Amino acid sequence: MSRETERSRRAAPSAPAGTNEDAERSDRAGGDAAGITRLVGSVPDPEMPMVDLADLGILRDVSVDGAGAVTVTITPTYSGCPAMDTIRDDIRARLAEHGHTDVTVRTVLTPPWSTDWITAEGRRKLAEHGIAPPPQRAQRPNATFVPLSVRCPHCGATDTREVSRFGATACKALYVCAACKEPFDRVKPL
Amino acid sequence: MSEPNGTVNAPAADTALVAYVLRLGDDALIASHRLAELVSSAPQLEEDVALANISLDLLGQARALLTYAGRAEEQLTGVLRTEDDLAYMRDENQFVNCRLVELPNTDFAHTIARQLLFSAYAYELYGTLVDSADETLAGVAAKAVKELDYHRDHAALWTVRLGDGTDESNARMAAALKAFWPYVDEVFASDDVTRTVAAAGTGTDPASLRPAWDTYIDGVLAEAGLDRPDTPPLTGLAGLGGRQGVHTETFGYLIAEMQHLHRSHPGATW
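Pasting the structure below:
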């Protein structure tokens, strides 16, 4: 297990999970890992179904052994994320539909998930569905972080206010827009 | 809570580390339970949601820690205790949480006082444990510290709002801090367990966290217009406290409620 974690850690800074790098590595490990990675990556998040596990960056690794046993490694957004059980079930169900029945879903905490792992595509989908995406932190080390106003995903105004730092799910905060008066959720930076 | 796929790396066979991780797990579990009691009883809907979110974060931390404590203990004893065994099948005097986290939600100010004092400590603690030589503990800490940053901020905002609010809210916040202050020293007490894990580089001696905690708490209290309480520390029965399994009277009721379902219906799932 520690070797798995070490691999994930090395991959962390540049590659959100479920990317080509993971797929290629698993390919070498055996079988159709790239295809399975795409299958697992396309499982929708149970709480925010407009994004999938690949968009969210919570899929860390997929490997297939010689006998066809699949090991999927995922990471929670928050320690107590109550969707993890459902996500595990959804992954098994999706793979079973495609004939993979020997499936182990592992959970790892290292490296810790942050909202930087949400892909550009994931951010676009969130905004499209009325959820303000988290800010993208600078890619360069030691860059100055300038907090910007949260843009209303309904009308685009930046005159918005945080109502509560804790929203309908562990990963969201509750905002309201002063321009269009609509409340909205925001994925809070972590 | 049964969870077949743990979040645990190969555990270290070390008696002090098992005792230490169990303390951290119990602190998080009991703090989580006290907040869960308030779901649907908070002063406003947003607070129901906030307290439930914080409770859930702490429960997630507790599950990872108790699972790890159980597996590390198995290396020493050959007997595995799962997170459920540890949470639901131990008696009151086998819990080693600090007494601060078990103190009851007398009113909302008490809930906020407990959260302020505890999360300011836990934030400092996990900030050091991210560098633990123990890989699992470092992993749990890296997640926990970000969550505790939000928890601490939530409690500080409310402390200022209540302290700097009406005469009534100020008096209640002051009373809550005064009631909980005698339990603060226990949180930062060193003993053989903490000294051993600190020397091994796996844990942190809590006494080393006190200066940063004092600075933070003094800042919040100043902003809230509240005085630092001067109530003396409560050492516990014959010098024994929560870390030795000696708890306050209300703790038995907490345990009874928390464990009731599991003990009445062993193995129940839904």
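For the protein sequence lines, the chains are D and H, in the order given. Heads up: the first sequence begins at 1 in the working numbering, then just goes up one per residue. Heads up: the second sequence begins at 191 in the working numbering, then just goes up one per residue. Quick reminder that beta carbons are idealized off the backbone N, C-alpha and C, glycines included. These numbers come from a predicted model, not from an experiment.
A direct Cα-Cα distance of roughly 27 Å separates G435(H) from A345(H). Within a 10 Å sphere around the beta-carbon of G80(D) sit 16 or more other beta-carbons, which makes this residue buried.
In this structure, the beta-carbon distance from T144(D) to L190(D) does not fall below 7 Å. F184(D) is not a Cβ neighbour of A240(H), given a cutoff of 7 Å. Within the same chain, and ignoring the five residues on either side of T272(H) in sequence, the residues whose Cβ sits closer than 6 Å to its Cβ are G260.
Residue burial annotation: V229(H) is exposed, with fewer than 16 other C-beta atoms found within 10 angstroms of its C-beta. Close to Y78(D), with beta-carbon spacing below 8 Å, are these residues of chain H in chain order: L246, D247, G250, K333 and E337. Using a Cβ-Cβ cut-off of 7 Å, E273(H) does not count as an interface residue toward chain D, since no Cβ of chain D sits closer than that to its own. Counting of Cβ neighbours within 10 angstroms places L427(H) among the exposed residues, the total staying below 16. Between G317(H) and chain D, the shortest Cβ-Cβ separation is not below 7 Å.
R106(D) and G68(D) have their alpha carbons spaced roughly 17 Å apart. For I74(D), the enclosing beta strand (DSSP E) covers residues V70 to I74.
For A240(H), the chain D residues whose Cβ falls inside 8 Å of its Cβ are S164, R165 and F166, in order along the chain.
Between Q251(H) and A334(H), the C-beta spacing is below 7 Å. Along the length of the region 201 to 255 of chain H, whole alpha helix (DSSP H) runs at least 4 residues long occupy 205 to 226, reported in chain order. The continuous beta strand (DSSP E) containing D185(D) extends over residues P183 to V187. V330(H) reaches chain D at S79 and L109, counting residues in chain order whose Cβ is nearer than 8 Å. Where S164(D) is concerned, there is no enclosing alpha helix (DSSP H), although the beta strand (DSSP E) around it starts and stops at T160 to S164. P133(D) places its beta carbon less than 7 Å from that of V187(D). In the structure shown, the three-state DSSP call for V330(H) is helix. Under the three-state reduction of DSSP, P44(D) is assigned to strand. Residue M448(H) holds the alpha-carbon nearest to the alpha-carbon of E282(H) among T459(H), R385(H), M448(H) and S454(H).
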